[in-house]
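Peer 1: The sequence shown lines up with residues -20 to -1, 1 to 390 when you count with mature numbering (1 follows the signal peptide of the UniProt record, and there is no 0). Just so it is clear, CB atoms sit at the ideal spot from N, CA and C, and this is done for glycine as well. Just so we're clear, the structure is a prediction, and the values are computed from it rather than from any experiment. Okay, here's the structure, questions in a sec.
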Amino acid sequence: MNKRLLSVLLVMVAVVTVLCRCNGSSEGKDLRGEGFVGSATCATCHKAIYDSYLSTAHNNTSRAASDSSVLGRFSSPGNNFGFLNGVNVVMEKRDSGLFQVAYLNGQFQEAHRFEIAIGSGRKAQTHVYFKGDQYYQLPVSYLVSAHDWANSPGFPASHPRFDRIVNTACFGCHTSKTVVRNIQEKGTGFTEHFEKGQVIYGIDCERCHGPAADHVSFHKENPGQKQGRFITRIDTLKNQQKLDMCAVCHSGLKPAIQSIFNFKPGSLLKDYYYPDFNRPKVSELDIHGTQYQLFSASQCFVQSKDMNCSSCHNPHATERTDLKVFSQRCMNCHKEADHTFCTNSTVPAATLKQNCIDCHMPSLPSRSITLLTNGQTKPTPDSIRTHLIGIYKPDVKGVVELVTGRTNGK
Ligand code: HEC
Ligand code: HEC
Ligand code: HEC
Ligand code: HEC
Ligand code: HEC
Ligand code: HEC
Ligand code: HEC
């Protein structure tokens, strides 16, 4: 009897233990597989970094569409965009979510539900809906500078298009994982089929740092260990590897060799994209998304050793618009005390020091990202900070123009 009770108890203990394990592991379940744990887990030991990271554009670059993530008005006036063919697309909030609804002369045409918001809302935000097993871009986007809805970049102004498929490339740069199957169709090669809701939003810690499950379990079991283990130490990487960690998303859209979701710190760009044989000249590159090419063509980079994106950017913090902080980083190398400082003699040094950026890295209009707001006939270009650091002069139209690359080989 006692023996029996004991064995029953033992079985119960075993069952409870197994259940606990299950809960434990299902808590940490990550779409990317066993090796990954998700950003929230990092917060327990890296709280300051995690808290600061939450507000970054990387974290917020994609989100499930909701009242709080989708920018722009959903009540009249200002909740519509009129196309030239008379179709009016109205942003409507319904019980089942947020919708873009097309009307012609007041007659309902079609309605599609906002599924994902892409863009943290620095400049613009665009949205996708889900149908069948595909994502489609909605025809109306939000333009922050105009505080208004606009036609999505690259979409016609004549009529709303609801049939533009969004492929994995888009999610490769704007999410941390989106589950897709490639299915071979008769005659047409492979097409992508998505699983609804199977998305890890934002660019998370492990998107940049790689899978961290072993790191986490080691440090949980060894709380006294002060050296990070089972995680790539960024400071041991070669400079090109450090640059490639950012360039994988910041060098524009090119034909991919393999999914960039596989990229880990230490991976090389050349293993992910085919070489660009008709590489455009730097002066012909659009500034959208090409920070890597522009920066690496700059004399600051060419003539220094080991300069990379972290020379100016803290990957865990939002520092934009703080041009004084960025100018301080310029002055880590361009010091007033030696001959490396600004040679512009028309402006006092004290003023120069406030803002190196607007003169040497001006915001320029993008050619590829332009949006048309209500009633406009000429689209508004998105303006983006150029990373071709150089000497620019304002021309008559108030548009800045690159004057020199480095002049005659000093
Ligand atoms: C149980 C505690 C713990 C958790 C959870 C944890 N870490 Fe760490 N991590 C540490 C310790 C301790 C160090 C070494 C001290 C330091 O650099 O802060 C470290 C260091 C690091 C380093 C720096 C390595 C180096 O030496 O350059 C990175 C990167 C890192 N962790 C990333 C992560 C990420 C990403 C997550 C979440 C997926 C995470 N950590 C979760 C404890 C933890
Ligand atoms: C997985 C793709 C991806 C990787 C890797 C990546 N970025 Fe980004 N980055 C983006 C996207 C997308 C945005 C635009 C976010 C938005 O506003 O929606 C962005 C925005 C930024 C911004 C603008 C932030 C702001 O607040 O204005 C900076 C700066 C930046 N990235 C630097 C870096 C650096 C430095 C690295 C490497 C350490 C890096 N990124 C790696 C995709 C990536
Ligand atoms: C090769 C990587 C890459 C791909 C592919 C890509 N983007 Fe981006 N996107 C970026 C980066 C980097 C930025 C921010 C820097 C910039 O604009 O120069 C950005 C900026 C944006 C912004 C502005 C965000 C803001 O807060 O201002 C939107 C909206 C956007 N992308 C939507 C899309 C959509 C929709 C797709 C797919 C149809 C797409 N992107 C494909 C890398 C990419
Ligand atoms: C956009 C890419 C990117 C993202 C996202 C990112 N990191 Fe980092 N992280 C870096 C880079 C690059 C470094 C190297 C230090 C540097 O260049 O400033 C670094 C350094 C670190 C370090 C060691 C140095 C230090 O600052 O203590 C830790 C720890 C760390 N990251 C944890 C995290 C955690 C936790 C998250 C998510 C909350 C995260 N990182 C998100 C790119 C990223
Ligand atoms: C890691 C050191 C370093 C940092 C940081 C740095 N530079 Fe440079 N920069 C250099 C070097 C080296 C050169 C080439 C020698 C020279 O012209 O002084 C250079 C050249 C320049 C030039 C001349 C460009 C040309 O084409 O003739 C300008 C302008 C400039 N830097 C501005 C800046 C600004 C603005 C920043 C901050 C946003 C900055 N630099 C940050 C190292 C740096
Ligand atoms: C010499 C300093 C410096 C270096 C190096 C640098 N950046 Fe920047 N970056 C800046 C400054 C300054 C801004 C403008 C911040 C603002 O406008 O508030 C900026 C802005 C950005 C933006 C937002 C641009 C926009 O207008 O939307 C992105 C994205 C970005 N950087 C990515 C990168 C990447 C990726 C690298 C490495 C390939 C890099 N940066 C290297 C100084 C630098
Ligand atoms: C009002 C615009 C303006 C501001 C602000 C400014 N610069 Fe300049 N900078 C110029 C111009 C114009 C030149 C070319 C001057 C000449 O040679 O006649 C120049 C020249 C330079 C050069 C020398 C390039 C060479 O020929 O080697 C460097 C380096 C530089 N600036 C860095 C900086 C840094 C760092 C800051 C911030 C501390 C800064 N500048 C602030 C306009 C500016």
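For ligand 2, I want to know if SER100 counts as a neighbour, meaning its beta carbon is within less than 7 angstroms of at least one of the ligand's heavy atoms.
Peer 2: SER100: yes, Cβ under 7 angstroms from ligand 2.
Peer 1: Compute the Euclidean distance between the alpha carbons of ILE98 and SER291, then round it to the nearest angstrom.
Peer 2: Approximately 28 angstroms, taken between the alpha carbons.
Peer 1: Is the region 255 to 271 in contact with the region 227 to 240, if contact means three or more CB pairs nearer than 8 angstroms?
Peer 2: Short answer: they touch.
Peer 1: Once you ignore the five residues that flank GLN114 on each side, which residues in its own chain have a CB closer than 6 angstroms to its CB?
Peer 2: Answer for GLN114: ILE145, listed in chain order.
Peer 1: Determine whether the beta carbon atoms of GLY52 and TRP129 lie at a separation below 8 angstroms.
Peer 2: Going by C-beta atoms, GLY52 is nearer than 8 angstroms to TRP129.
Peer 1: So who's on the other strand from ALA104, going by DSSP bridges?
Peer 2: According to DSSP, which records beta bridges pairwise, ALA104 is partnered with LEU123.
Peer 1: Please work out which residues of its chain come closer than 6 angstroms, Cβ to Cβ, to CYS2, disregarding the five sequence neighbours upstream and downstream, and give them in chain order.
Peer 2: With a pLDDT of 33 at CYS2, under the threshold of 50, the modelled position of that residue is not reliable, and no figure is offered here.
Peer 1: What three-state label does DSSP hand TYR254 in the structure shown?
Peer 2: Here TYR254 sits in coil by DSSP.
Peer 1: Determine, using beta carbons only, whether HIS195 and ARG213 come nearer to each other than 8 angstroms.
Peer 2: No. Outside cutoff.
Peer 1: May I ask you to check if the CB of ARG309 is nearer than 7 angstroms to at least one heavy atom of ligand 5?
Peer 2: At least one heavy atom of ligand 5 is nearer than 7 angstroms to the Cβ of ARG309, so yes.
Peer 1: Consult DSSP for GLU14 and reduce its assignment to one of helix, strand or coil.
Peer 2: Coil.
Peer 1: Taking all protein chains shown into account, do 16 or more other C-beta atoms lie within 10 angstroms of the C-beta of ARG259, making it buried, or fewer, making it exposed?
Peer 2: Flag for ARG259 reads exposed.
Peer 1: Since GLY112 is in the beta strand (DSSP E), which residue starts that stretch and which ends it?
Peer 2: From DSSP, GLY112 is part of no beta strand (DSSP E); its letter is neither H nor E.
Peer 1: Alpha carbon to alpha carbon, what distance is there between ILE183 and VAL282?
Peer 2: One C-alpha to the other measures close to 29 angstroms.
Peer 1: Would you report the Cα separation of ARG187 and ARG43, rounded to the nearest angstrom?
Peer 2: The alpha-carbon atoms of ARG187 and ARG43 are separated by roughly 16 angstroms.
Peer 1: Secondary structure at ASN288, three-state DSSP: helix, strand or coil?
Peer 2: ASN288: coil per DSSP, three-state reduction.
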